[in-house]
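Novice:
2 protein chains.
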Amino acid sequence: MEQQVSQEWEKFSGLLSKMSGYREAIGLLHWDLRTGAPRKGAEIRSQTVGMLSGEYFRLETSPEMGQFTEYFSRPDIQSQLNEVQNKIVHDCRKEYERSKSIPPEKYEEYAVLAAHSETKWEDAKENSDFAGFEPFLTKIVAFKQEFIDYWGVNGTRYDTLLDMYEPDLTVEKVDEVFGRLRSRLVPLVEKIAASPNKPDTSFLQQIFEQEGQEQFGLFILKQMGYDFDAGRLDESVHPFATGLNPGDVRITTNYIPDNVTSAVFSSLHEGGHALYEQNINPELVGTPLAQGASMGIHESQSRLWENMIGRSLPFWERYYKDLQHYFPVQLAGVDVKDFYRAINSVDNTFIRIEADELTYNLHIIVRYEIEKLIFNEGLAVKDLPQVWNAKYQEYLGITPPTDALGVLQDVHWSGGDFGYFASYSLGNMYAAQILNTLRKELPTFDELVSSGNLLPIKEWLTDKIYRYGQSLTPSQIIEQVTGEPLNPDYLADYLEEKYTALYQL
Amino acid sequence: MEQQVSQEWEKFSGLLSKMSGYREAIGLLHWDLRTGAPRKGAEIRSQTVGMLSGEYFRLETSPEMGQFTEYFSRPDIQSQLNEVQNKIVHDCRKEYERSKSIPPEKYEEYAVLAAHSETKWEDAKENSDFAGFEPFLTKIVAFKQEFIDYWGVNGTRYDTLLDMYEPDLTVEKVDEVFGRLRSRLVPLVEKIAASPNKPDTSFLQQIFEQEGQEQFGLFILKQMGYDFDAGRLDESVHPFATGLNPGDVRITTNYIPDNVTSAVFSSLHEGGHALYEQNINPELVGTPLAQGASMGIHESQSRLWENMIGRSLPFWERYYKDLQHYFPVQLAGVDVKDFYRAINSVDNTFIRIEADELTYNLHIIVRYEIEKLIFNEGLAVKDLPQVWNAKYQEYLGITPPTDALGVLQDVHWSGGDFGYFASYSLGNMYAAQILNTLRKELPTFDELVSSGNLLPIKEWLTDKIYRYGQSLTPSQIIEQVTGEPLNPDYLADYLEEKYTALYQL
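Taken in order, these protein sequences are the chains called W and D.
With the first sequence counted from 1, adding 219 to any position gets you our numbering.
With the second sequence counted from 1, adding 219 to any position gets you our numbering.
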């Protein structure tokens with residue numbers, strides 16, 4: 220690298236590192252708000268988060284950022300950078316180009332509306348009052364439509380939104396994989412519904428004391444290789460994981476006395492996210508690449524631990540006795556196979572976050588298709604409840620009796636997060652595809668799990684995925700690890716095999 | 220106010236509010252580092268704190284700040300502002316003028332040295348190795364001397380340092396009040412040392428379980444009127460209070476099993492700081508005035524609760540039975556008068572933070588006099604141990620056997636905090652003077668305390684002190700509350716009266 224280039228790079232690194240600092244501070248403020256900040260400080264705290272986010276936006280779209288990324292994109296300069304450096308420049312340039320034309324006042328007006336709209340959504344959900352929420356959601360959609368024009372359209376308008384969360388994937392591709400997945404899952408769900416072999420889940424409807432739930436959760440996290448010197452476990456209403464830096468990746472859970480599986484699987488889920496962030500190559504710290512490759516890849520790592528490992532029979536062959544140790548009365552007379560069947564019971568619920576591993580994907584496909592209708596076909600907000608209910612009837616065979624149990628159930632749209640839902644099922648598909656390779660490369664996979672020897676799995680994932688952070692794109696990762704692009708058949712195969720055995724179809 | 224002035228004020232308020240946001244974020248990052256941040260994230264976290272502090276410094280000394288404060292200082296504009304606004308302009312202008320001439324690289328070089336020097340101090344204290352620390356302290360002093368030139372000298376060179384922590388007070392004034400205080404305390408200490416009536420403190424040297432210490436501390440904080448919806452209590456190695464905003468004022472304590480008084484009095488002390496910050500007028504939020512008037516006034520509020528209330532007989536007449544409830548075995552056969560005498564035992568210890576209410580002031584006077592010798596008389600760093608030991612012999616009648624128990628005991632100098640120590644004794648003097656007025660205006664003061672009716676005291680302090688935050692100067696507060704300027708005789712009178720009775724002098 221020429222000396223001048225390396226001097227410029229050093230200056231650019233200073234800007235990147237400052238941006239990392241802002242992300243870390245904002246992350247901590249959010250974590251604190253959701254774990255233990257006193258009630259009376261929350262309003263001012265939100266303003267502080269807003270101010271720091273504004274400063275971050277300003278750096279992201281600054282003339283300085285424009286000049287640096289233009290300079291480092293010049294062919295004669297680009298050729299002097301290594302792959303990681305080029306990826307940094309690429310990602311910063313993309314963000315800069317995308318956001319620079321949005322007038323800051325416009326962005327702030329939108330941020331205020333989104334915050335306000337989220338409060339309105341809470342009320343509307345509480346009272347199952349879609350009409351009360353409709354004007355706000357209509358405005359949010361209008362803003363998003365306007366932003367799509369600022370951001371620029373490549374493909375369909377909805378592609379622009381999808382790209383925010385899953386770069387590389389197009390609506391065309393997602394249509395194809397979701398379509399194939401749906402065509403295989405819908406008949407499977409119907410066969411299960413018709414099966415007489417329903418698991419007994421009644422023993423799960425007991426009180427499981429918090430102390431035991433906590434101790435078991437901590438134990439499992441340690442077994443997975445979660446590093447408590449680089450993280451901590453707290454409680455919050457909705458569980459989440461947040462990576463402030465690879466040395467400080469925090470997770471939360473929520474203990475529900477009459478729902479022991481909630482904390483168990485949320486610990487595995489958030490633990491999966493956290494393993495990813497704790498094991499990113501430290502050399503990427505201070506750059507925008509020190510995070511997951513995409514929402515979908517991130518979700519694949521939480522789902523792999525939660526479902527493919529955590530809801531498997533080998534896992535419980537090893538750990539069921541520990542759970543029984545904490546809950547000897549509640550689990551007396553329930554053997555590990557009964558337990559395994561119960562935690563994998565398929566029930567066509569109205570609520571996405573309560574859904575099982577199988578029908579969960581249909582909940583996502585409903586949302587994805589509706590978002591596409593809004594942005595590509597001009598579906599009016601007022602018609603959402605009707606379209607929602609029709610799709611639930613078609614894919615899941617149920618019609619929500621109220622909008623609270625239907626179109627109002629999720630927070631995402633109130634905050635303008637259109638394009639996000641797809642990541643959840645993309646994560647499931649990536650996870651099944653990665654699992655397929657993992658099983659080939661670690662042929663003793665089931666034995667490792669059933670003997671509680673989870674660290675080789677964590678190490679394999681670190682080597683193949685975690686350490687890269689965002690220095691590879693989602694499609695580079697999936698192709699590099701599995702040798703082929705995203706293929707929904709792995710998930711469909713996995714689910715068919717698992718549930719055919721479980722329900723003796 | 221003319222329209223243009225009010226428009227300018229709105230813009231200026233935006234800058235101030237942004238600066239408040241930075242202070243809040245930095246405060247939370249510090250709190251987190253000291254209460255529960257995972258070890259492996261600490262290094263990057265420190266860099267983030269440094270980055271945000273740098274951004275804050277930049278705003279404080281920005282051309283924008285210069286222009287705003289110059290504009291609002293114009294006589295025709297100033298006359299249109301209210302008192303609070305004028306105080307804001309005054310304080311911002313002072314900070315701007317003071318710091319703008321320091322080259323940012325110089326400031327950063329100093330910040331790095333100070334951080335490094337603190338680590339060196341830890342090692343030196345551990346090994347009682349003053350020679351190993353000396354070169355660092357020498358550099359720190361040289362930087363401070365250089366900064367004094369940048370900041371400007373008004374009075375003696377040491378005045379410039381003192382002014383950072385206690386505006387309005389001069390070396391001349393502090394010399395006078397410390398001199399008067401010392402001349403009355405030294406003979407009192409000598410009389411106590413000669414008294415045969417020593418309290419029995421042996422029962423305090425037992426194990427007091429953490430659970431009881433915690434419960435008692437929480438109880439006392441609630442009794443004082445500390446609002447747990449606007450704060451929280453955590454543990455840290457050194458107790459502290461931090462006001463992020465008046466709705467979020469956090470305190471920490473430290474439970475030492477064989478030293479029950481440590482947590483009790485640190486809760487009262489930090490609780491006193493916290494009551495101050497929780498009760499600042501909410502209208503000051505988002506301005507630099509939403510904090511204590513000065514270090515000395517802040518300390519007066521912690522000392523008033525810790526010592527004047529917390530180490531008084533009426534207080535324990537009410538609360539001793541609660542402490543006994545948690546520790547029935549340890550306190551069996553110890554009556555409240557024995558307990559009161561034991562917690563007020565005067566022991567000429569080498570260590571400031573272990574000192575009693577009386578000799579504490581002599582520890583401070585030693586440090587103040589030495590700092591003055593360094594900056595006004597050119598005392599060399601290498602000569603500090605010898606001067607330190609001589610002064611301890613003169614004022615306290617003891618000579619530290621090692622530098623770890625002497626000149627190396629405090630962290631302050633390693634971080635460049637010269638001028639800070641005086642605040643502790645100024646706080647004691649302010650507290651005694653305020654207590655004198657408080658007793659006049661609430662004549663049932665002793666009954667209020669002995670009946671556990673502490674809220675009227677909190678309300679009186681809110682009305683007279685807390686609510687103003689930094690909108691009054693320390694001398695305005697003390698004169699407005701007590702009708703006269705700082706007068707050390709109140710503290711000397713209070714101590715003489717208290718200890719004459721205690722030791723039957």
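Note that the Cβ used here is the ideal one computed from N, Cα and C, for glycine as well.
1. Rounded to the nearest angstrom, what separates ASP557 of chain D and PHE438 of chain D at their Cα positions?
2. So ASN464 of chain D contacts chain W; which residues on that side make the cut at Cβ distance below 8 Å?
3. Taking C-beta pairs closer than 7 Å, name the residues in chain W that MET270 of chain D reaches, listed in chain order.
4. Check the Cβ-Cβ distances between GLU328 of chain W and every residue of chain D, and say whether any is below 8 Å.
5. Since PHE422 of chain D and LEU550 of chain D should fall inside the 8 Å C-beta cutoff, what is the C-beta to C-beta distance between them, to a whole number of angstroms?
6. With DSSP collapsed to three states, give me the class of LEU452 of chain D.
7. Just list the residues that DSSP pairs ARG469 of chain D with in beta bridges.
8. Using a threshold of 8 Å, state whether the C-beta atoms of VAL396 of chain D and ILE593 of chain D are closer than that.
9. Just confirm the distance between the C-beta atoms of ARG560 of chain W and PRO418 of chain W, as a whole number of angstroms; I'd bet it's less than 8 Å.
10. Can ILE676 of chain W and ILE684 of chain W be called in contact, C-beta distance under 8 Å?
11. Between which two residues does the alpha helix (DSSP H) holding SER298 of chain D run?
12. Is the CB-CB distance between ALA493 of chain D and ILE528 of chain D below 8 Å?
13. With a threshold of 16 other CB atoms inside 10 Å of the CB of PRO620 of chain W, please say whether the residue is buried or exposed.
14. How would you write the range of the alpha helix (DSSP H) that ILE584 of chain W sits in, first residue to last?
15. List, in chain order, every chain D residue whose beta-carbon is nearer than 9 Å to that of ALA449 of chain W.
16. Using the Cβ count rule (16 or more neighbours within 10 Å means buried), how would you classify THR338 of chain D?
17. Over what stretch of residues does the alpha helix (DSSP H) that includes PHE287 of chain D continue unbroken?
18. Can PRO704 of chain D and SER694 of chain D be called in contact, C-beta distance under 8 Å?
19. Run down chain W in chain order and give the residues with a C-beta less than 9 Å from the C-beta of THR267 of chain D.
20. Under a three-way DSSP split, which group does LYS417 of chain D fall into?
21. So which residues on chain W does VAL331 of chain D lean against when the C-beta distance must stay under 7 Å?
22. In chain D, which residues lie less than 7 Å from VAL504 of chain W when you measure between Cβ atoms?
23. What separation, rounded to the nearest whole angstrom, lies between the Cα atoms of LEU657 of chain D and GLU496 of chain D?
24. Return no unless some Cβ of chain W is closer than 8 Å to the Cβ of ASP554 of chain D.
25. Once you ignore the five residues that flank PHE569 of chain W on each side, which residues in its own chain have a CB closer than 6 Å to its CB?
26. Check whether chain D comes within 8 Å of ASP251 of chain W, counting only Cβ atoms and requiring the distance to be less than that.
27. Just to confirm before moving on: does the CB-CB distance between ALA449 of chain D and PRO257 of chain W stay below 8 Å?
28. Output, in sequence order along the chain, the residues in the segment 467-483 of chain D whose CB is closer than 9 Å to any CB in chain W.
29. Going by DSSP in three states, THR618 of chain W sits in which element: helix, strand or coil?
30. Using a Cβ-Cβ cutoff of less than 6 Å, which residues in the same chain neighbour TYR384 of chain W once the five nearest sequence positions on both sides are dropped?
31. I'd like the span of the alpha helix (DSSP H) that includes LYS237 of chain D, first residue to last.
32. Below 8 Å on the Cβ atoms is my guess for LEU577 of chain W versus VAL565 of chain W; work out the distance and round it to an integer in Å.
33. Can you give the Cα-Cα distance for ASN416 of chain W and LEU680 of chain W, rounded to whole angstroms?
34. Where LEU356 of chain W and SER320 of chain W are concerned, what is the direct C-alpha to C-alpha distance, given to the nearest angstrom?
Specialist: Inspection of the coordinates gives the following:
1. Each residue's Cα considered, the two are about 23 Å apart.
2. GLY260, ILE263 and ARG264
3. LYS237 and GLY240
4. no
5. Contact between PHE422 of chain D and LEU550 of chain D holds: their C-beta atoms lie close to 7 Å from each other, under 8 Å.
6. strand
7. D:THR461
8. no
9. 4 Å
10. no
11. Per DSSP, SER298 of chain D lies in no alpha helix (DSSP H) segment and is marked neither H nor E.
12. No. Outside cutoff.
13. Exposed is the call here.
14. 579-596
15. PRO257, ARG258, LYS259 and GLY260
16. Exposed, since its Cβ has fewer than 16 Cβ neighbours within 10 Å.
17. 282-292
18. yes
19. SER239, GLY240, TYR241, GLU243, ALA244, LEU247, LEU463 and ASN464
20. coil
21. What VAL331 of chain D touches in chain W: nothing, since even the nearest Cβ is about 15 Å away.
22. Residues of chain D passing the Cβ test: ILE263.
23. 20 Å
24. no
25. PRO619 and LEU624
26. Output row for ASP251 of chain W: interface = yes.
27. yes
28. Against chain W - using a Cβ distance shorter than 9 Å - the residues of the segment 467-483 of chain D are ASP467, VAL468 and ARG469.
29. coil
30. So the qualifying residues of the chain are MET514, GLY638, TYR639 and SER642.
31. 222-254
32. Correct: roughly 5 Å between the Cβ atoms.
33. Roughly 36 Å between the two C-alpha positions.
34. Answer to the nearest angstrom: the Cα atoms are 24 Å apart.
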